[in-house]
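Below is one structure; the comments refer to it alone.
Protein chains: 2
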Amino acid sequence: MFAADANSRGWHNPPMPQTMTSADLRTLNQVRLLRAVHDAPAPFTRAEAARLLGIGRNTAGALVGELERARLLHEVPAETGGRGRPTTLLVPHPEGPLAFAVDFREDSWTLASVGLGGAATELDGGEHDRTPRVFEEIRQAVGRHATDRLAVVGLATSGPIRDGRRLHISHLGWDEVDLGALVGDGWPPTVVDNDARLAGLAEARRGALRGKGTAMHFHIDFDIGGTLLLGGDAQRGGHNIAGEFGHMPLTGSDLECMCGVRGCWSLDVGANALVRRFGGRPGYGEGRGLAREILRRAEDGDAEAAAAVDANAAALGRGLGALANALDPEAISLSGLGVDLIRLRREVIEAHCAEGLMAFRRDEPPQIVAGTVGDAGPLTGAAEIAWDAILDPGWVGDRLQGG
Amino acid sequence: MFAADANSRGWHNPPMPQTMTSADLRTLNQVRLLRAVHDAPAPFTRAEAARLLGIGRNTAGALVGELERARLLHEVPAETGGRGRPTTLLVPHPEGPLAFAVDFREDSWTLASVGLGGAATELDGGEHDRTPRVFEEIRQAVGRHATDRLAVVGLATSGPIRDGRRLHISHLGWDEVDLGALVGDGWPPTVVDNDARLAGLAEARRGALRGKGTAMHFHIDFDIGGTLLLGGDAQRGGHNIAGEFGHMPLTGSDLECMCGVRGCWSLDVGANALVRRFGGRPGYGEGRGLAREILRRAEDGDAEAAAAVDANAAALGRGLGALANALDPEAISLSGLGVDLIRLRREVIEAHCAEGLMAFRRDEPPQIVAGTVGDAGPLTGAAEIAWDAILDPGWVGDRLQGG
DNA sequence: AGAGTTTTGTTCTCGGTAGGAACATAACAA
DNA sequence: TTGTTATGTTCCTACCGAGAACAAAACTCT
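So, in structure tokens, the structure goes:
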């Protein structure tokens, strides 16, 4: 009688084509099938696929046949269990398209190849000198490993990315660096996004947040940044710069932040906050190592280090509670230092989170969990957005047409 | 070469059916057509519809014909302008389905009937004694006005709504009031949501936020609450209680809030904050009138009242800046006291918003605008969610089938 | 006033899509 | 060996939208 919340299957829907003809219908169902294969935790059979998509076995056979011919899907004999005619498992085609994922970090980069289903193979990587010249190196690495199977490149980088190509990486001193100019012509189709956002996307698609309709992820490094994840998608905001949760005044700090605002949450959470407490200069130098040492000393029983970690965890929890009031996530996952904070101070985080939660919601607080994708978050997320570009009615339709 | 942000058409997409057959395709295109009629600011012709949906004139004719026969759409001769064979305007069918929208407030309620396209007719309304008995009155009013055209009821109420039926209205002392039991059997299909969220939805669909992919709306009354609007949809969170932005510590207050948390933004923004400054007791009594008087005195030049309004506007702006860092809205609309604050103190709000914005985004701050739907927000939003339930492949498909 | 132009509605055919029924196939079970 | 079960395959049918050709109804120009 009362329509319930019909939403939040927590699954990622393929985008709809703009027009809707019979041919689009075919392609759409094929994309649904490919998306199911990509998202499934384990391979499934053709018959299961038919049931899953609510289509007949005959239709499933036709869909799979075309996809096999287009080298998008492959059928291998399934080990026979129980009665019935033996069937086949749907797996990525051995000559199918590949996404390259690049994780571009402060001082290093990694290139990996990712197939349908998310299996990743690391191809290359290296250190860099913090100048845009590193992209020449990356360009060469991609060129070295590229085959005609390469379909899309997904790139994870830090800082805001305007118009999908202009990089602003403050701690490298990069302002308004044009990615298109860096990689030059002949570069394959590329999608770019923020590393923190992609780490969250990775958790939503393949990690601790899988299946959650509303969730958040925070990466804690020098400071804290995050993403709101809705229906398996990371929100980017109106100018593609959403996610600076660390620059909200959630903890009552009075310091001035590097970002130009007073009282940011980031001043109390993350490596910078730990270091500052010990008289160190916060910034993007050796702070990370110092923070690790403080954590270790806290584990070893050093009282001052323990107090610093306590304060960090408390500030983290306080902010999470505040954000939960506003955005009501089912779960919150953490990466980076957040994993250590959960391990060492889960009670502190949860207690301060509860304190920040409105009283009436304390009986159902958001689950706070460590991310399971870990350090591979940005790379995994970059692969996901690359595959999102492939698993698109337009792309798949062209591939099926063109042979 | 670089895939741009392909999203954020800022439009509301019809939900996809779970299966995808040829018949579903027909229905889906019909829903797209109805949705276009519903969302369009002005009626359009059949030929324009064909162009809009990217379908042929023949197909458009067939779609419209069936919808006319199902009494969902009606064709009236369009006044002829320019050359060409005269065509027809697509308008709601005079015997088509209607949504009833109920705006249930602290001390009054309104019942309206809303047709396709959003045209509303107020049917009934009244004061109430703050006990759940008022729903008996509402039930009778709906019964009095209901015809077989009534399809769905949309209800706006305050406070969190769990499972789509359990009401928690703290300032009426209602805890865990079951809506299903209140209205009893024989009540039409109903969708319910929060008034603040629905006011935001109204702005997104028919007001100041129309066409924005990422936006926020805040209603300022005693305190402040809001909604995040993405792609024309209000976000509800994992437990349907998202939107308590007022209960984040964004302004450094040290007071304890009624919600059980310290330092809430709401302590500094809204009628309660104005009243408290004048020694009044914040709460849900006569605070609203007092706040109006303070605003008036500020307009008349009273220094103390002006200072109070300044503080309110400053706190508002500060919080908006913080939220903009995190969620990156293109625009923010305000209703309630927010409209007065914009009128009287736009500069204060914008200055403090900029102060809270990270430096690099100050050149492109979110637009802060007064809502244009005004007081009718919750009612309009309730009608929208009711029509969302009608403009659904399942509902329309049944209607077309059943005759 | 009449002929040409422009836009839209209508009709018909055609390729394509999914569903359904019937049958074939390949395993297991008794 | 025979029956059971689950799946693959092969028809056929209903339906959908595209496209082309034509009809209709306005306007415009001479």
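So the sequences go chain by chain: A and B.
Going by our numbering, 244 is the number at position 258 of the first sequence; the sequence numbering is gapless.
Going by our numbering, 74 is the number at position 88 of the second sequence; the sequence numbering is gapless.
Yeah, the Cβ is synthetic: ideal placement off N, Cα and C, and Gly gets one too.
Quiz item: What residue range is occupied by the uninterrupted beta strand (DSSP E) comprising GLN353 of chain B?
Solution: 353 to 356
Quiz item: Is the number of C-beta pairs between the region 183 to 199 of chain B and the region 360 to 367 of chain B that are closer than 8 angstroms three or more?
Solution: yes
Exercise. Report back the beta-carbon spacing between THR31 of chain A and LEU76 of chain A to the nearest angstrom; my notes put them in contact at under 8 angstroms.
Key: 7 angstroms
Practice problem: Have a look at GLY305 of chain A and LEU253 of chain A and give me their C-alpha separation to the nearest angstrom. | Solution: 12 angstroms
Self-check item: Residues near LEU276 of chain B by beta carbon distance below 6 angstroms, same chain, minus five either side
Solution: VAL261 and GLY266
Quiz item: Got a sec: is the Cβ-Cβ distance from LEU216 of chain B to anything in chain A below 9 angstroms?
Solution: yes
Exercise. Note down, in chain order, each residue of its chain lying with its Cβ closer than 6 angstroms to the Cβ of ALA375 of chain A, except the 5 sequence neighbours on either side.
Key: VAL138 and VAL177
Exercise. Please say whether PRO315 of chain B and LEU184 of chain B have beta carbons closer to each other than 9 angstroms?
Key: no
Exercise. Report yes or no: do the region 197 to 207 of chain B and the region 307 to 326 of chain B share at least 3 C-beta pairs separated by less than 8 angstroms?
Key: yes
Quiz item: Which of the three DSSP states, helix, strand or coil, is assigned to PRO83 of chain B?
Solution: coil
Quiz item: At least one CB of chain B closer than 9 angstroms to the CB of PHE231 of chain A: is that the case?
Solution: yes
Practice problem: Would you mind stating whether GLY229 of chain B and GLY212 of chain B have Cβ atoms separated by less than 9 angstroms? | Solution: yes
Quiz item: Which word fits GLU272 of chain B, buried or exposed, when buried means at least 16 other C-beta atoms lie within 10 angstroms of its C-beta?
Solution: exposed
Quiz item: Would you say VAL247 of chain A faces chain B, with C-beta separation under 9 angstroms as the test?
Solution: yes
Quiz prompt | Candidates A:TRP373, A:PHE264, A:SER321 and A:GLY193, of which the one nearest PRO27 of chain A by Cα | solution = A:GLY193
Quiz item: Where does ILE332 of chain A fall in DSSP's three states?
Solution: Sequence check: residue 332 of chain A is Arg here, not Ile. Note: ARG332 of chain A maps to helix in three-state DSSP.
Practice problem: Indicate whether the contact test is met: 3 or more Cβ pairs, each with one atom in the region 72 to 89 of chain B and one in the region 53 to 60 of chain B, closer than 8 angstroms. | Solution: yes
Exercise. Grab the span of the beta strand (DSSP E) containing ALA369 of chain B for me, first residue to last.
Key: Here ALA369 of chain B belongs to no beta strand (DSSP E); instead the alpha helix (DSSP H) covers 363 to 376.
Practice problem: Using a cut-off of 9 angstroms between C-beta atoms, extract the partners of HIS338 of chain A located in chain B. | Solution: Residues of chain B passing the Cβ test: none, with the nearest at roughly 11 angstroms.
Quiz item: From ILE371 of chain A to HIS(-2) of chain A, what does the alpha carbon distance come to, in whole angstroms?
Solution: 12 angstroms
Practice problem: Residues of the region 191 to 211 of chain A with a CB closer than 9 angstroms to any CB of chain B: list them in chain order, please. | Solution: LYS198, GLY199, THR200 and ALA201
Quiz item: For the region 237 to 255 of chain B against the region 347 to 360 of chain B, are there 3 or more C-beta pairs whose distance is under 8 angstroms?
Solution: no
Exercise. Could you say if the region 91 to 103 of chain A and the region 160 to 175 of chain A meet the contact criterion of at least three C-beta pairs nearer than 8 angstroms?
Key: no
Exercise. Could you tell me the boundaries of the beta strand (DSSP E) in which VAL178 of chain A lies?
Key: 176 to 180
Quiz item: Where CYS245 of chain B and LEU11 of chain A are concerned, what is the direct C-alpha to C-alpha distance, given to the nearest angstrom?
Solution: 50 angstroms
Quiz item: For ARG(-5) of chain B, which residues of its own chain have a beta-carbon under 8 angstroms away from its beta-carbon, when the five flanking residues on both sides are left out?
Solution: Only weak support exists for where ARG(-5) of chain B lies, its pLDDT of 38 falling under 50; the value from the coordinates is given anyway. GLY199 and GLY217.
Quiz item: Smallest Cα separation from ARG274 of chain A: which of A:LEU136, A:LEU323 and A:ALA300?
Solution: A:LEU323
Quiz item: In terms of residues, what are the limits of the beta strand (DSSP E) holding VAL62 of chain B?
Solution: 59 to 63
Self-check item: C-beta atoms of ALA359 of chain B and LEU327 of chain B nearer than 9 angstroms
Solution: Here residue 359 of chain B is Val; the residue named in the question, Ala, does not match the sequence. Not in contact: VAL359 of chain B and LEU327 of chain B (Cβ atoms no closer than 9 angstroms).
Practice problem: Take ARG278 of chain B as the anchor and find which of B:GLU333, B:ASN258 and B:ALA297 has the nearest alpha-carbon. | Solution: B:ASN258
Practice problem: Within its chain, find whatever has a CB closer than 6 angstroms to the CB of VAL100 of chain A; leave out the 5 residues flanking it on each side and keep chain order. | Solution: ALA85, ALA87, ALA106 and ALA369
Practice problem: Measure from the C-beta of GLY367 of chain B to each C-beta in chain A and report whether the shortest distance is under 9 angstroms. | Solution: no
Quiz prompt | Test: LEU386 of chain B CB closer than 9 angstroms to a CB of chain A | solution = no
Quiz item: When you compare only the Cα positions, how much space is there between ASN(-7) of chain A and ILE210 of chain A?
Solution: Unreliable positioning characterises ASN(-7) of chain A in this predicted model, as indicated by a pLDDT of 39, which lies under 50. The coordinate reading is nonetheless provided below. Each residue's alpha carbon lies about 30 angstroms from the other.
Quiz item: Considering only the beta carbon of each residue, do ASP110 of chain B and ALA132 of chain B sit closer than 9 angstroms?
Solution: no
Practice problem: Express the C-alpha separation of ALA300 of chain B and GLU333 of chain B in angstroms, rounding to a whole number. | Solution: 9 angstroms
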